[in-house]
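Working notes, structure below.
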Amino acid sequence: MSPQIEAQNLSELQSRLWNIADTLRGKMNADEFRDYCLGFIFYKYLSEKFVTYANKILKEDGIKYNELTAGHPAYQDIIDAVKDDSIQTLGYFLPPTDLFHTMAQRVAKDQKGAGEGFILEDLATTLRNIEQSTLGTDSADDFSNLFEDLDLGSSKLGNTAKAKNELIGKVITELDKLSFNLSEASSDILGDAYEYLIGQFASGAGKKAGEFYTPQPVSTLLAKIVTTHKLKLKNVYDPTCGSALCCCV
Numbered sequence: 001m002s003p004q005i006e007a008q009n010l011s012e013l014q015s016r017l018w019n020i021a022d023t024l025r026g027k028m029n030a031d032e033f034r035d036y037c038l039g040f041i042f043y044k045y046l047s048e049k050f051v052t053y054a055n056k057i058l059k060e061d062g063i064k065y066n067e068l069t070a071g072h073p074a075y076q077d078i079i080d081a082v083k084d085d086s087i088q089t090l091g092y093f094l095p096p097t098d099l100f101h102t103m104a105q106r107v108a109k110d111q112k113g114a115g116e117g118f119i120l121e122d123l124a125t126t127l128r129n130i131e132q133s134t135l136g137t138d139s140a141d142d143f144s145n146l147f148e149d150l151d152l153g154s155s156k157l158g159n160t161a162k163a164k165n166e167l168i169g170k171v172i173t174e175l176d177k178l179s180f181n182l183s184e185a186s187s188d189i190l191g192d193a194y195e196y197l198i199g200q201f202a203s204g205a206g207k208k209a210g211e212f213y214t215p216q217p218v219s220t221l222l223a224k225i226v227t228t229h230k231l232k233l234k235n236v237y238d239p240t241c242g243s244a245l246c247c248c249v
């Protein structure tokens, strides 16, 4: 993919992600709906990354991972094999039933009143399953309480279970329409979009939410200053005590 196309895709992704964030705007403060938006985006990212990886494993067999049915005798051995491999390589696992797109399909069924609908408790279970899939592995600490800021029972999402379902279902539906193109992009498009959203949340929430965010130009300047004429650094820290962005530039 050319740099020009990647830049265009990034700009479009940023715009669409912020439009999705608007779904929660007005329901809560910017620093609050930030946690929901970034949490759901990361869930989608983990799911899309997992499917891309699983499909590579299954390519020679002509199988698509999302077409497998968990618990089905003909597929369970395949799913178990993918699980063992992915835990070692990616550090986590999602069964077909817990994929983001599968969750979006349930939302669609719920909206049509057909079949097994979308229930927030099921989403909460899925997020816990992702965290627990890493127990006993090297990635366990990285995934520990990963989604703890997603309070799906919060009254700020709605006064009734139905209202909460509808709001979160709408966010999931819109996110499902996006593709991070993980198999094509050469740069960290999602990371750039993620940083864009953090900056938008910070500027919209004032000092309280802005404390954790250092604008990229400032981070780049500081990184250049501290590395000038140095071939090796022994210690690095973020002088703004924020999200450690300065350490990543």
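FYI, the numbering for the sequence shown is 1 to 249, going by the UniProt record's numbering. Glycine included, each C-beta is placed from N, C-alpha and C at the ideal position. Remember, it's a predicted structure, so these values are computed and weren't measured experimentally.
- Excluding residues up to 5 positions away in sequence, G91, Y92, A140 and F143 lie with their Cβ nearer than 7 angstroms to the Cβ of T134 in the same chain.
- For the set I130, K177, G158 and K112, the Cα lying nearest the Cα of G39 is the one of I130.
- Counted as a single uninterrupted DSSP element, the alpha helix (DSSP H) harbouring G169 occupies residues A161 to D176.
- Burial is judged here by how many other beta carbons sit within 10 angstroms of a residue's own beta carbon; T227 has fewer than 16 and is exposed.
- With a 10 Å radius around the Cβ and a threshold of 16 neighbouring Cβ atoms, P217 comes out exposed.
- Secondary structure note for H101: its alpha helix (DSSP H) is the uninterrupted segment F100 to K112.
- Using a 10 angstroms sphere on the CB of I225, the tally of other CB atoms stays under 16, which defines it as exposed.
- Segment contact: the stretch 73–83 against the stretch 119–127, fewer than three CB-CB distances shorter than 8 angstroms; contact not assigned.
- Annotation: L178 to P73 spans about 33 angstroms, alpha carbon to alpha carbon.
- Looking at the DSSP output, R25 shares a beta bridge with M28.
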